[in-house]
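Visitor: One structure follows; several queries about it will come next.
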Amino acid sequence: MTNNLSTHSAAALVLFSGGQDSTTCLAWALSRFDRVETVGFDYGQRHRVELSRRAGLRDGLIRLSPLWAERLGEDRTILIEALGAISETALTRDAEIAFAADGLPNTFVPGRNLLFLTFAAALAYRRGIADLVGGMCETDYSGYPDCRDQTIRAMAQALSLGMDRSMNIHTPLMWIDKAATWRLAESLGGEPLVRLIVEETHTCYLGERGRRFDWGYGCGECPACKLRAHGWETYRAGETSAAAETF
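Each residue of the sequence shown is one higher than the one before, starting from 94 at the first, in the working numbering.
Below is the structure:
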């Protein structure tokens, strides 16, 4: 498993939810691979409005760059109803978001990323793709154990062994915070990509799109919104400081 692409590779499959992180990862992949396909997962998530954002985001990305337009390939959505059926979490039920006794938020869906990567790897195998790209992050996240680098490394090894084919999992956001994620997006697609992410992505756990903040749409109160808002404020503050230093 690699976090940084050091050698040229022909194709990648991006786990693309329609959120800020996965959109940044899609732009990252489009800047590095000749062919990029996307896959989303419908597991009965409370914020499934994110899935409705995916097509518009793909269209927006190809308008930003002729090269990205050439490279962006097929998209698929995989239905995993069983995951939602067995998950008693605030992401799959109408429940108040809170923290459990073990310190994990009740938005944690056990096994979610493990299943996502398994289904993605199976699809990639059929498509002749050896590189998966995901937005998992250990630096600035909600504490989910299936987002940890150690988990992703173990999954890459298991998938490679189980399919008898090398499977690489790239996690470009693993060691950066949300402010750095905004900066990465800017470095990849400039201000147009930043605006696309603000206007079109969805990250709010409650699926709220009625309120518009500087950083995008959401409830403004759930853990995902708070992380995104704090990252945005830090990112913009850094830009202001840099501008002042060069004045």
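A virtual CB, placed ideally from N, CA and C, is assigned to each residue, including glycine. Computed from a prediction, not measured in an experiment: that's the story for all the values here.
By Cβ distance, which residues of its chain are closer than 7 Å to residue 124, with the 5 residues on each side in sequence left out?
Guide: Excluding positions up to five away in sequence, the list reads 281.
Visitor: Which residues in the same chain have their Cβ closer than 6 Å to the Cβ of residue 252, if we skip the five residues on either side of it in sequence?
Guide: Answer for residue 252: 214, 260, listed in chain order.
Visitor: Using alpha carbons as the reference points, say which of 133, 146, 159, 250 lies closest to residue 168.
Guide: Checked all of 133, 146, 159, 250; the closest Cα to residue 168 is 133.
Visitor: Report yes if the CB atom of residue 144 is closer than 8 Å to the CB atom of residue 131, and no otherwise.
Guide: No, the pair does not count as a contact, with Cβ atoms beyond the cut-off.
Visitor: Which residue comes first and which comes last in the beta strand (DSSP E) that contains residue 134?
Guide: Counting along the chain, the beta strand (DSSP E) containing residue 134 begins and ends at 128 to 135.
Visitor: List the residues that DSSP assigns as beta-bridge partners of residue 226.
Guide: Answer by DSSP bridge pairing, in chain order: 107, 263.
Visitor: Mapping DSSP to helix, strand and coil, what is residue 99?
Guide: Because the pLDDT of residue 99 is 40, which lies under 50, any placement of that residue in the model is unreliable, and the number read from its coordinates should be weighed accordingly. Residue 99: coil per DSSP, three-state reduction.
Visitor: Evaluate residue 162 with the Cβ neighbour count: other Cβ atoms within 10 Å of its Cβ, from every protein chain shown; 16 or more gives buried, anything less gives exposed.
Guide: By the neighbour-count rule (16 or more Cβ atoms within 10 Å), residue 162 is not buried but exposed.
Visitor: Bridge partners of residue 237, per DSSP?
Guide: For residue 237, which the question treats as bridged, DSSP gives no partner whatsoever.
Visitor: Could you check if residue 293 is buried or exposed, using at least 16 other CB atoms within 10 Å of its CB as the buried criterion?
Guide: Classification of residue 293: buried, given that the 10 Å Cβ count is 16 or more.
Visitor: Whose CA, out of 223, 267, 173, lies closest to the CA of residue 103?
Guide: Looking at the Cα atoms, 223 is the closest of the given residues.
Visitor: Under 8 Å, do residue 106 and residue 225 count as touching if we go by C-beta distance?
Guide: Yes, these two residues count as a Cβ contact at 8 Å.
Visitor: What would DSSP say about residue 171, mapped onto helix, strand or coil?
Guide: Three-state result, residue 171: strand.
Visitor: Label residue 268 either buried or exposed according to how many other C-beta atoms from any shown protein chain fall within 10 Å of its C-beta, with 16 as the threshold for buried.
Guide: Counting Cβ neighbours within 10 Å, residue 268 comes out exposed, since fewer than 16 surround it.
Visitor: Residue 231: buried (16+ other C-beta within 10 angstroms of its C-beta) or exposed?
Guide: Looking at its Cβ environment, which holds 16 or more other Cβ atoms inside 10 Å, residue 231 is buried.
Visitor: Let me make sure I understand the geometry here. Which of 157, 216, 331 has the alpha-carbon closest to that of residue 276?
Guide: Looking at the Cα atoms, 331 is the closest of the given residues.
Visitor: At which residues does the alpha helix (DSSP H) containing residue 218 begin and terminate?
Guide: 205 to 220 is the extent of the alpha helix (DSSP H) around residue 218.
Visitor: For residue 158, collect the residues of the same chain with a Cβ closer than 8 Å to its Cβ; drop the 5 residues on either side in sequence, then sort them by chain order.
Guide: So the qualifying residues of the chain are 123, 282.
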